[in-house]
Amino acid sequence: MNATGALILLVGLIVFGASIRGLFNRGRSIVCAAAGILVALGAGLGAWIAWMESNSAIGTAIYLVIVLVGIVAVVRQIKPRQP
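First residue of the sequence shown? That's 3 in my numbering, and the numbers climb one at a time after it.
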């Protein structure tokens, strides 16, 4: 893996970590919501590619679980909180 691949992997892990943090964060965070959107879009594209290229049900299911993590993180950050 060259430096570009390592940088892409690092950024992807940071974004995925921020969306996971958005699942458990009690406050509202625009960073966690944006990370959730990026994760949902990226994993949705990955699921589509996994299904179209190889008809891999397991690979598609894994990507769809990651899409759900991103969507739930966004919803938890947008939803109004009770005081």
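Beta carbons are placed, not taken as given, at the ideal position from N, Cα and C, and that holds for glycine. Note that this is a predicted model, so its numbers are computed, not measured.
Could you round the C-beta distance between residue i and residue j to whole angstroms and report it? I think they count as a contact, below 8 Å.
| i | j | result |
| --- | --- | --- |
| Ala37 | Ala20 | 4 Å |
| Gly24 | Ala75 | 3 Å |
Taking all protein chains shown into account, decide if residue i is buried (16 or more other Cβ within 10 angstroms of its Cβ) or exposed.
| i | result |
| --- | --- |
| Val41 | buried |
| Ile16 | exposed |
| Gly72 | buried |
| Ile10 | exposed |
| Ala35 | buried |
Thinking C-beta only, is residue j closer than 8 Å to residue i?
| i | j | result |
| --- | --- | --- |
| Gln79 | Ser31 | yes |
| Ala49 | Leu70 | no |
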